[in-house]
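Heads up: the sequence shown begins at 388 in the working numbering, then just goes up one per residue.
For every residue, glycine included, the Cβ atom is placed at its ideal position computed from N, Cα and C.
Here is the structure we will look at.
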Amino acid sequence: MADFWNTSTDVIIIGSGAAGLSAAIEARQAGAFVRVFEKRPVTGGNTRISDGGLSAPDNFMQKQQGVTDSPQRFCKDILRAGLGLNHPDLVDLFARQASDAVDWTRSLGVRYTARLDQFGGHSVPRTVTIENNAGHTLITAMTNRLHQLGVPIHTRHTLDRLVTDASGRVTGVCLSCSEKTSAAAPDSGTDISPCRIRHIRADRAVVLATGGFGSDVAFRTCQAPRLDDTIDSTNHSGATAEGLTAALKIHAMPLHLSWIQLGPWGCADESGYGKGARFAAYSVFPAGILVDPFTGGRIVNEWADRRQRSDAILNAGHACIGIVDHTGAQKEVDSLASCLKTGKIRQFDSLSDLGTAFNMPAESLEQTVAEYNLWTTCPGPDRFGKDPKTKTSPLETPPFYAIRLWPKIHYTPGGLQIDTRARVMDLSHRPIPGLFAAGEVTGGIHGAGRLGGCALPECIVFGRIAGRNAAATG
Ligand SMILES: Cc1cc2nc3c(=O)[nH]c(=O)nc-3n(C[C@H](O)[C@H](O)[C@H](O)COP(=O)(O)OP(=O)(O)OC[C@H]3O[C@@H](n4cnc5c(N)ncnc54)[C@H](O)[C@@H]3O)c2cc1C
388 MADFWNTSTD
398 VIIIGSGAAG
408 LSAAIEARQA
418 GAFVRVFEKR
428 PVTGGNTRIS
438 DGGLSAPDNF
448 MQKQQGVTDS
458 PQRFCKDILR
468 AGLGLNHPDL
478 VDLFARQASD
488 AVDWTRSLGV
498 RYTARLDQFG
508 GHSVPRTVTI
518 ENNAGHTLIT
528 AMTNRLHQLG
538 VPIHTRHTLD
548 RLVTDASGRV
558 TGVCLSCSEK
568 TSAAAPDSGT
578 DISPCRIRHI
588 RADRAVVLAT
598 GGFGSDVAFR
608 TCQAPRLDDT
618 IDSTNHSGAT
628 AEGLTAALKI
638 HAMPLHLSWI
648 QLGPWGCADE
658 SGYGKGARFA
668 AYSVFPAGIL
678 VDPFTGGRIV
688 NEWADRRQRS
698 DAILNAGHAC
708 IGIVDHTGAQ
718 KEVDSLASCL
728 KTGKIRQFDS
738 LSDLGTAFNM
748 PAESLEQTVA
758 EYNLWTTCPG
768 PDRFGKDPKT
778 KTSPLETPPF
788 YAIRLWPKIH
798 YTPGGLQIDT
808 RARVMDLSHR
818 PIPGLFAAGE
828 VTGGIHGAGR
838 LGGCALPECI
848 VFGRIAGRNA
858 AATG
């Protein structure tokens with residue numbers, strides 16, 4: 388058995404997104420020797436390409452702007468969007484620690500835009516955004532910290548298998564690697580030998596932080612057959628399920644795998660996340676309307692949660708049109724300018740020109756907008772239940788902008804069951820010794836659907852918990 392292991396360390400982290408790097412920092416700061424393994428040539432996963440929005444109750448920006456919020460209120464919003472499938476103990480813990488997670492990123496040097504957003508399904512503005520919407524700055528701040536702490540990050544190393552002993556305890560990992568990395572490890576083990584398959588022993592524990600499976604067409608169509616390769620995804624290409632299945636193979640408990648979230652703001656005229664999605668998310672949905680081109684009528688409360696809005700478009704059966712006027716478009720001018728150049732957003736001097744361009748029934752769009760504008764002057768919700776508190780100015784200032792929207796796979800709320808100590812649970816509802824998990828590879832927190840800006844703080848909250856507990860494992 389001595390020859391089986393190529394080397395050892397105290398805590399092995401698999402995955403270098405927000406969850407994995409948070410775990411690595413905490414585990415090292417708790418005194419453990421740590422190695423991070425990442426299958427891709429670059430670190431960061433979906434975190435790197437994210438918009439950097441973090442939702443948290445009682446956060447520093449809410450305090451500056453006098454917005455009243457509470458963890459209880461946050462929990463209620465999360466449970467509503469999750470259709471009550473959420474595990475309440477995890478939601479409660481997340482809600483109480485989300486604001487600390489934001490402050491922790493600030494302590495690492497991450498800076499935030501002086502803006503507070505309210506996304507669909509949140510009952511108050513509570514989302515702070517990393518400067519320039521740049522999720523990659525979170526990864527840079529975390530990797531800088533790990534560098535200071537002397538923690539090596541080995542890229543091009545893919546977890547193939549979790550190694551267990553006769554009692555079922557996770558004792559290490561089997562990785563395949565595509566090239567030798569030069570990172571020097573501050574531990575007592577020898578440096579990693581240059582073979583293709585490597586067995587690394589974890590003297591304390593393994594933390595699985597391999598993210599979601601939004602890009603894994605085979606796995607996701609098995610869970611939800613309608614989400615085949617005709618539906619695009621916003622995720623990075625490495626968002627696949629092999630980390631998750633490695634845990635399932637040692638009898639970890641799966642949760643909610645078929646609840647796959649689509650982003651209603653996906654632009655039908657570009658692939659991946661793109662720039663149109665940002666315009667739709669930050670401008671069209673908060674300040675405009677969503678219209679079915681076949682009828683010229685609205686189809687949903689534009690402030691509903693992502694699941695409700697995506698389902699409304701999918702039920703229409705074709706791309707729907709997001710419309711906003713000049714005033715609303717000022718909320719996201721950068722992506723507007725770039726999408727106008729590429730034709731993903733179209734500009735019109737009048738609503739009637741816009742309706743004609745999309746073959747809407749004559750005058751239907753003018754009627755829809757007149758009804759909508761009347762609502763913005765009346766008390767009470769509209770016929771879709773749109774909350775009067777979300778009212779913005781009427782759609783009346785030309786030019787008008789239109790974008791074709793078709794949902795894209797964005798997030799996988801299902802995954803491994805963990806407890807409040809981030810221990811992975813088995814099929815008999817017992818923790819699997821030596822195995823922790825955090826981030827999108829886990830399930831149960833968001834239930835049927837996640838609210839905007841809730842993934843990154845959740846990765847940090849549970850990543851930090853996983854790292855501390857992994858380091859404390861005897
Ligand atoms: C375009 C986009 C925008 C988003 N914007 C926001 C936002 O503004 N706010 C928000 O809260 N959420 C946002 N999200 C969601 C959020 O980014 C993710 O849920 C979160 O980053 C997941 O973090 P993670 O650490 O769990 O996984 P990731 O960041 O995806 O990291 C997992 C890492 O594990 C690696 N990996 C996978 N399998 C293996 C393996 N077998 N062996 C070794 N390594 C492996 C992957 O390559 C990856 O690098 C966005 C998502 C996308 C796609």
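Backbone CA spacing between residue i and residue j [nearest angstrom]
i    : j    : result
G601 : S658 : 14 Å
N688 : L782 : 16 Å
V489 : F606 : 33 Å
G641 : T617 : One point to set straight first is that residue 641 is Pro, not Gly, in the sequence displayed. The straight-line gap from Cα to Cα measures roughly 26 Å.
G599 : C841 : 14 Å
P844 : R556 : 29 Å
T568 : S457 : Low local confidence applies: a pLDDT of 49 at T568 is under 50, so the model's placement there is unreliable, with the coordinate-based value given in what follows. So the alpha carbons of these two residues sit roughly 46 Å apart.
A691 : D774 : 9 Å
H370 : W491 : What is shown of the chain runs 388 to 861, which leaves residue 370 out entirely.
M747 : P680 : 5 Å
T597 : T545 : 10 Å
I805 : I832 : 9 Å
S725 : A706 : 21 Å
G630 : Q734 : 45 Å
L723 : V423 : 39 Å
G471 : D736 : 45 Å
Q535 : L727 : 43 Å
D547 : C561 : 6 Å
G653 : N520 : 17 Å
V593 : G801 : 20 Å
S780 : A757 : 13 Å
Boundaries (first-last residue) of the alpha helix (DSSP H) holding residue i
i    : result
Y798 : It is not in any alpha helix (DSSP H) - Y798 instead sits in the beta strand (DSSP E) that spans 795–798.
M448 : 447–452
F461 : 458–468
T530 : 522–536
Y759 : 751–762
H713 : 713–716
S409 : 405–416
L677 : Element bounds for L677: not the alpha helix (DSSP H) but the beta strand (DSSP E), 676–679.
A744 : 738–744
V604 : 604–610
I805 : No alpha helix (DSSP H) holds I805; DSSP gives it neither H nor E.
Boundaries of the beta strand (DSSP E) in which residue i is found, first to last residue
i    : result
S722 : No beta strand (DSSP E) holds S722; the alpha helix (DSSP H) holding it covers 720–729.
V421 : 421–424
G839 : Segment: none, G839 is in no beta strand (DSSP E) and carries neither H nor E.
A592 : 584–595
G650 : 648–650
G440 : 440–442
R863 : Since the first residue of the chain shown is 388 and the last is 861, residue 863 is not available in this structure.
I436 : Counting along the chain, I436 falls outside any beta strand (DSSP E), though it belongs to the alpha helix (DSSP H) covering 432–436.
P546 : Sequence inspection shows Leu at residue 546; the Pro mentioned does not correspond to that position. Here the beta strand (DSSP E) through L546 covers 544–551.
V429 : Element bounds for V429: n/a, residue is neither H nor E.
For residue j and residue i, believed in contact at Cβ under 8 Å, the rounded distance
i    : j    : result
T530 : L408 : 7 Å
V538 : A410 : 11 Å between Cβ atoms; not a contact.
G439 : G522 : 4 Å
I708 : V678 : 5 Å
A835 : V398 : No, A835 and V398 are not in contact; Cβ-Cβ is about 33 Å, not under 8 Å.
K731 : D619 : The Cβ separation is near 14 Å, so there is no contact.
G821 : T558 : 6 Å
G469 : G432 : With 8 Å as the limit, G469 and G432 do not qualify as a contact, their Cβ atoms being about 23 Å apart.
L865 : T807 : Absent from the model: residue 865. The displayed extent of the chain is 388 to 861, so no value can be given.
A589 : L803 : That pair is no contact at about 17 Å.
Residue i in three-state terms, based on DSSP
i    : result
Y660 : coil
V557 : strand
A691 : coil
I637 : coil
G709 : strand
D616 : coil
N856 : helix
V671 : helix
F666 : helix
V828 : helix
L701 : helix
V497 : coil
F481 : helix
For the structure I just gave you, are there three or more beta carbon pairs, one from the stretch 513–520 and one from the stretch 443–455, closer than 8 Å?
yes
Please determine if the stretch 700–719 and the stretch 658–674 are in contact, where contact requires at least 3 C-beta pairs separated by less than 8 Å.
yes
Does the stretch 695–708 come within contact of the stretch 544–552, defined as at least 3 CB pairs closer than 8 Å?
Counting Cβ pairs under 8 Å, fewer than three are found: no touch.
When the Cβ atoms of the stretch 740–756 are set against those of the stretch 818–828, are three or more pairs found closer than 8 Å?
no
Check whether the stretch 625–637 touches the stretch 670–685, taking contact to mean three or more Cβ pairs, one atom from each stretch, closer than 8 Å.
no
At least three beta-carbon pairs within less than 8 Å, the stretch 788–796 to the stretch 764–771
no
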